[in-house]
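Heads up, the thing below is written out as structure tokens.
Number of protein chains: 2
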Amino acid sequence: MILDICPSPALYPYYQQENDTVIVVDIFRASTTICHMLHNGATAVIPVADIDEAKRYKEKGYLVGAERNTRKCDFADCGNSPFDYTAERVKGREVVFTTTNGTMAIKQSEDARELLIGSFSNIGALISHCIERSEHIVVLCAGWNNRINMEDMLFGGAFFERLSSRRRVSFGSDSVRIAQLLWQLAKKDLLTFLQESDHYPRLVANSAVGDVAYCLNSDTLSVVPLYHPADKKIRAHP
Amino acid sequence: MILDICPSPALYPYYQQENDTVIVVDIFRASTTICHMLHNGATAVIPVADIDEAKRYKEKGYLVGAERNTRKCDFADCGNSPFDYTAERVKGREVVFTTTNGTMAIKQSEDARELLIGSFSNIGALISHCIERSEHIVVLCAGWNNRINMEDMLFGGAFFERLSSRRRVSFGSDSVRIAQLLWQLAKKDLLTFLQESDHYPRLVANSAVGDVAYCLNSDTLSVVPLYHPADKKIRAHP
């Protein structure tokens, strides 16, 4: 089993292999929020890349989540906070979702053999899923406008540690070594470590700091979100 | 003064700013070798992206260095080892040079306000140069086929440490934090640290391991290689 970590959506063509299991992560907050939606009973998440498309869905009566630059878009029902998506709101519904970075990462890798959505909340569930069926896994970090970020790389390091405790895992490239070393430095106090990162002050400035602890909590959900290329929707794997 | 680190040539569009001083690094070995050529008296280095162009220069009588996948190309006079470029060979001559990753990084950033070539060998000279004239510095890592690598990121961390000991330096993005943390882990024994990296076994397999120590030695050269966009040549800054 080989694990690689692609640090930016723009680099996926250089990390891609034919038999990829891709795990898209956008820890703050899109991928965490998608896991939360499906856990709370949304039947599917429809990721869309641009605002106009999201607006057209809204006009048709869909529940729409939309965020740009850490803020909820005015026209949308919800933003990018997991707490926007309560069971009362999403159970039995499809949710249209567009965010600054997360949906871009999904579009970039939608041709992968298997595309999953990852977060600390479902990391254990993902590992059990991958051990059963994956040979070459790529953690695809959503980053920030194609720049690399700390929190998504740290997830990659955590994923390596957990996976390699259960299977023999080879490094796909130096980015796994880098992520693993960062994770060793950060894991004792992830929250304090990430206060010195690009995105933390953006979350503070946009009153989203209350989401941080939830986004860093491991193994709170057992859902494995799987992208279905046929209809371009994300559903919980049965 | 702001320092950023772009971890792959393909990401430069996302790190680019108008007033950039870009420092292209390809520690193993192209950028180290360019510094060595100019130190040994080459009047200019002409970086070319493709093999056919290098062959045309060769037919015109130029001294040509060419490497692909860690090996010297058969048609060329020299490969990518600094030791190929002795003073006897290069003094007073222009050297045409093409390598797997280094020349690609130069082409990607040739529109920068100022484009320099960096290596551990001239790190102190670069810092003195940048303190005089730069506001926004981007260390552009050549990487490996657009994937990020350890040794170029480590240079970025070393550059941050040295620069911030002389000036107040702001982090351009999380990649500087990442590089700085890696450098703290590696700096006591850089050679041992890098034996666990993607490129080290490639150097061993291609009998280039003798170049490693030279490439990791700091402050052995005082040259500052500067790219001249008008004629697309790299010369020592006077």
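Chains Y and L, in that order, are what the protein sequence lines are.
Using this note's numbering, read the first sequence as starting at 1 and increasing by one per residue.
Using this note's numbering, read the second sequence as starting at 239 and increasing by one per residue.
Where is the CB? At the ideal position from N, CA and C, for every residue including glycine.
Just so we're clear, the structure is a prediction, and the values are computed from it rather than from any experiment.
Which of helix, strand or coil DSSP assigns to G65(Y) | The answer is strand: DSSP assigns G65(Y) an E or B state.
Helix, strand or coil for D412(L), going by three-state DSSP, please let me know.
-> Here D412(L) carries a helix assignment [DSSP, helix/strand/coil].
Under 9 Å Cβ-Cβ, which residues of chain Y neighbour M391(L)?
-> M391(L) reaches chain Y at D174 and I178, counting residues in chain order whose Cβ is nearer than 9 Å.
For L38(Y), I'd like the list of residues in its chain whose CB is within less than 6 Å of its CB, leaving aside the five on either flank, ordered along the chain.
-> Excluding the 5 residues flanking it on each side, L38(Y) has same chain C-beta neighbours closer than 6 Å at V223, P225 and A236, in chain order.
Reduced DSSP secondary structure (H/G/I, E/B, other) of C379(L) = In this structure, C379(L) counts as strand in the three-state DSSP scheme.
Would a check of beta-carbon distances place D264(L) closer than 9 Å to chain Y?
-> Cβ-Cβ to chain Y under 9 Å: no for D264(L).
Between the stretch 127 to 146 of chain Y and the stretch 33 to 52 of chain Y, do at least 3 Cβ pairs fall closer than 8 Å?
-> Contact between the stretch 127 to 146 of chain Y and the stretch 33 to 52 of chain Y is absent, because fewer than three Cβ pairs lie under 8 Å.
Secondary structure of P13(Y), DSSP reduced to three states = Helix.
With a CB to CB cut of under 6 Å and the five nearest residues on each side skipped, what residues in its chain are close to G157(Y)?
-> In chain order, A179, Q180, L182 and W183 place their CB closer than 6 Å to the CB of G157(Y), counting only its own chain and leaving out the 5 sequence neighbours on each side.
Could you tell me which residues DSSP pairs with F201(L) in its beta bridges?
-> Since the displayed chain L opens at 239 and closes at 476, residue 201(L) lies outside it and no answer follows.
Contacts around R331(L), its chain only, beta-carbon distance under 7 Å, and the 5 residues preceding and following it disregarded = Contacts found: A280, T281 and L301.
Looking at the C-beta of Y14(Y), does it have a partner C-beta in chain L at a distance below 9 Å?
-> Interface residue, yes.
Stretch pair the stretch 404 to 411 of chain L + the stretch 424 to 441 of chain L: three plus CB contacts closer than 8 Å = Taking a contact to require three or more Cβ pairs closer than 8 Å, the stretch 404 to 411 of chain L and the stretch 424 to 441 of chain L do not qualify as touching.
Measure from the C-beta of S269(L) to each C-beta in chain Y and report whether the shortest distance is under 9 Å.
-> Chain Y contact via Cβ: absent.
List the residues that DSSP assigns as beta-bridge partners of L277(Y).
-> No information on residue 277(Y) is available, as it lies outside the stretch 1 to 238 that chain Y covers here.
DSSP state of Q260(L), grouped into three classes?
-> Per the sequence shown, residue 260(L) should be read as Val rather than Gln. Assigned with DSSP and collapsed to three states, V260(L) falls in strand.
For N444(L) and A325(L), the rounded distance between their alpha carbons | The alpha-carbon atoms of A325(L) and N444(L) are separated by roughly 24 Å.
What's the C-alpha gap between A481(L) and G303(L)?
-> This structure cannot settle anything about residue 481(L), because the visible part of chain L is limited to 239 through 476.
When the cut-off is 9 Å and only beta carbons count, does I34(Y) lie next to chain L?
-> For I34(Y), the answer is no, since every Cβ of chain L falls outside 9 Å of its Cβ.
Beta-carbon separation (whole angstroms), P245(L) vs G356(L), contact threshold 8 Å = Not quite, the Cβ-Cβ distance comes to about 15 Å (not below 8 Å), so this is no contact.
Would you list the residues sitting across from H136(Y) in a DSSP beta bridge?
-> Beta-bridge pairing links H136(Y) to I2(Y) and D20(Y).
Residue range of the unbroken alpha helix (DSSP H) whose run includes V328(L) | For V328(L), the uninterrupted alpha helix (DSSP H) segment begins and ends at A325 to V328.
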